[in-house]
Amino acid sequence: MPEKNIFKKIIDKEIPADILYEDEQCLAFRDVAPQAPIHVLVIPKKEIASMDAIDHEDAELMAHLWLVIRDLARQLELDQGYRVVVNCGEQGGQTVDHLHFHLLGGRMLDWPPG
Ligand code: 5GP
Numbered sequence: 012m013p014e015k016n017i018f019k020k021i022i023d024k025e026i027p028a029d030i031l032y033e034d035e036q037c038l039a040f041r042d043v044a045p046q047a048p049i050h051v052l053v054i055p056k057k058e059i060a061s062m063d064a065i066d067h068e069d070a071e072l073m074a075h076l077w078l079v080i081r082d083l084a085r086q087l088e089l090d091q092g093y094r095v096v097v098n099c100g101e102q103g104g105q106t107v108d109h110l111h112f113h114l115l116g117g118r119m120l121d122w123p124p125g
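Next comes the structure, spelled out in structure tokens:
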């Protein structure tokens with residue numbers, strides 16, 4: 012059997028994570044190497060490798076993820092603003108092959124990104 016992806020291991024509770032939210036479709040946990048005071052990863056439980064791999068049948072799941080992100084931002088009191096980032100592929104800076112949304116906030120974020 013192929014080695015499980017690190018995020019799949021977090022979903023399956025085989026490795027620990029600081030989980031902020033979970034439901035039947037998704038999981039949100041703090042990034043192990045935070046790039047801002049608030050840095051949360053929101054991932055679908057469905058194994059989707061990247062943004063490039065989403066399908067039309069995932070449309071409802073994607074809408075759900077955005078609403079979870081919005082609710083988390085409110086819960087975490089990011090009322091001054093925040094950023095949601097999806098890195099896709101090598102040039103996009105993706106390092107884990109399981110779709111994930113970075114929710115970043117708690118400081119002034121630069122633009123353009125590096
Ligand atoms: P990417 O570079 O693929 O967009 O983002 C992957 C993110 O996953 C990185 O920000 C990295 O710090 C985070 N990460 C990698 N391994 C782990 C882990 O085992 N636990 C947690 N909580 N975050 C991880």
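According to the numbering used here, the stretch in the sequence shown is residues 12 to 125, in order.
Built from N, CA and C at the ideal position, the CB exists for glycine as well.
Source: prediction; values computed, not measured.
Subject >> Endpoints, alpha helix (DSSP H) assigned at Val79 >> reply: Ala70 to Gln86
Original post:
When burial is assigned at 16 or more other CB atoms within 10 Å of the CB, is Ile30 buried or exposed?
Top reply: exposed
Original post:
Going straight from the alpha carbon of Met73 to that of Val43, what length do you get?
Top reply: 24 Å
Original post:
Exposed or buried, which one is Ile49 when buried takes at least 16 other CB atoms within 10 Å?
Top reply: buried
Subject >> Beta-bridge pairing of Leu52 - partner residues as DSSP gives them >> reply: Phe40 and His113
Original post:
In terms of residues, what are the limits of the beta strand (DSSP E) holding Ile30?
Top reply: Ile30 to Glu33
Original post:
Excluding five sequence neighbours on each side, which residues of the same chain lie with their C-beta closer than 7 Å to the C-beta of Arg118?
Top reply: Ala47 and Pro48
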